[in-house]
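Chemist: First the structure, which I've put down as structure tokens, then a few questions once you've had a look.
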Amino acid sequence: MELVVIGIVALLTAGATLFSGFGLGTILMPVFALFFPVPLAIAATAVVHFANNIFKFGLMAKQADWRTVARFGVPAAIAAIVGASLLTWFDRMPIVAHYTISGSVYEITAVEAVIGVLIVVFALLELWPRFQTLAFSPRWLPFGGVLSGFFGGLSGNQGALRSAFLLKAGLSKEAFVATGVVSAVIVDAVRLITYGTGVMAGHARR
Numbered sequence: 025m026e027l028v029v030i031g032i033v034a035l036l037t038a039g040a041t042l043f044s045g046f047g048l049g050t051i052l053m054p055v056f057a058l059f060f061p062v063p064l065a066i067a068a069t070a071v072v073h074f075a076n077n078i079f080k081f082g083l084m085a086k087q088a089d090w091r092t093v094a095r096f097g098v099p100a101a102i103a104a105i106v107g108a109s110l111l112t113w114f115d116r117m118p119i120v121a122h123y124t125i126s127g128s129v130y131e132i133t134a135v136e137a138v139i140g141v142l143i144v145v146f147a148l149l150e151l152w153p154r155f156q157t158l159a160f161s162p163r164w165l166p167f168g169g170v171l172s173g174f175f176g177g178l179s180g181n182q183g184a185l186r187s188a189f190l191l192k193a194g195l196s197k198e199a200f201v202a203t204g205v206v207s208a209v210i211v212d213a214v215r216l217i218t219y220g221t222g223v224m225a226g227h228a229r230r
């Protein structure tokens, strides 16, 4: 039953975020976190995100602006390594606190606290109308790549920032979507490799 729920949510979320270019991780990761430890939930969401973007990559890659990809996607990839490595570091930190509800003891870990705060922040940003229209000058593309990649690696939340920085890059609608997809594929590939050598390996040793 768990696999059915996860599969349905992944399918519906991927379809709903096809054109917006963001929101998949914000919706899907909390669902995965109901069934898996938070770092594994982020890694599992990254797999779905990557598969979804690979499909879109095949449809749209020819329309991408590769100069913009270089200015935005390369810094994003480097920052994604840092963010994903930081996730691994948080996951190895000791338990922060305990609490009891109805006689059952629960634990709060550092990674759960950090990711929980980020989920709330990004969810609020994506619901904020002003943020939907936020756009930055093209000169900030490398910095935007760093921000998007870092948070993409740390929590999977990268799309909203990516769209905000690409919005005024002088791209057509088709190139905007395609460039975002290519950049997302680059970040997803890098963070999955980092998760595989860090988070996943750490859980395998437990």
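Sequential numbering of the sequence shown, starting at 25, is according to my numbering.
Glycine included, each C-beta is placed from N, C-alpha and C at the ideal position.
With H, G and I counted as helix, E and B as strand and the rest as coil, what does DSSP make of Ser-172?
Modeler: It is helical.
Chemist: Quick one, are the C-beta atoms of Ser-207 and Val-72 less than 9 Å apart?
Modeler: No.
Chemist: Quick one: what's got a C-beta closer than 6 Å to Phe-56's C-beta in the same chain, skipping five residues either side?
Modeler: Answer for Phe-56: Ala-65, Ala-68 and Thr-69, listed in chain order.
Chemist: Return the CA-CA distance between Tyr-123 and Leu-171, expressed in angstroms with no decimal places.
Modeler: The straight-line gap from Cα to Cα measures roughly 34 Å.
Chemist: Please state the DSSP three-state secondary structure of Thr-133.
Modeler: Thr-133: strand per DSSP, three-state reduction.
Chemist: What would DSSP say about Thr-221, mapped onto helix, strand or coil?
Modeler: DSSP places Thr-221 in helix when its eight states are reduced to three.
Chemist: So Thr-157 is in the beta strand (DSSP E); what residue range does that whole segment cover?
Modeler: Run containing Thr-157: none; DSSP gives neither H nor E here.
Chemist: Return the CA-CA distance between Pro-162 and Val-120, expressed in angstroms with no decimal places.
Modeler: The alpha-carbon atoms of Pro-162 and Val-120 are separated by roughly 41 Å.
Chemist: Check whether the region 149-160 touches the region 125-135, taking contact to mean three or more Cβ pairs, one atom from each stretch, closer than 8 Å.
Modeler: Flag = no, the region 149-160 and the region 125-135 do not touch.
Chemist: Among Ile-105, Asp-89, Pro-61 and Ala-100, which has the Cα closest to the Cα of Arg-186?
Modeler: If we check each option's Cα against that of Arg-186, Ala-100 comes out closest.
Chemist: In whole angstroms, give me the CA-to-CA distance for Ile-139 and Ser-109.
Modeler: Roughly 14 Å separates the two Cα atoms.
Chemist: Pick out whichever of Val-62, Phe-79, Pro-54 and Ala-147 has its Cα sitting closest to the Cα of Ile-132.
Modeler: That would be Val-62, whose Cα lies nearest to the Cα of Ile-132.
Chemist: Where does Ala-208 sit, in a helix, a strand or coil, going by DSSP?
Modeler: Helix at Ala-208.
Chemist: List the whole-angstrom C-beta distance separating Ile-102 from Gly-173, where the pair is believed to meet the contact cut-off of C-beta under 8 Å.
Modeler: Going by Cβ atoms, the distance from Ile-102 to Gly-173 rounds to 7 Å, so yes, they are a contact pair.
Chemist: Val-314 to Pro-118, Cα distance in whole Å?
Modeler: This structure leaves residue 314 out entirely; the chain is present only between 25 and 230.
Chemist: With a 10 Å radius around its C-beta and 16 neighbouring C-beta atoms as the bar for buried, classify Lys-80 as buried or exposed.
Modeler: Answer is buried; the Cβ neighbour count reaches 16.
Chemist: So, are the CB atoms of Ala-104 and Thr-218 less than 9 Å apart?
Modeler: Yes. Within cutoff.
Chemist: Is Ser-187 helix, strand or coil when you go by DSSP?
Modeler: Ser-187 falls in the helix class under three-state DSSP.
Chemist: Taking only three categories from DSSP, how would you classify His-227?
Modeler: Confidence is the limiting factor: at His-227 the pLDDT is only 49, short of 50, which leaves the residue's position unreliable and the question unanswerable from this model.
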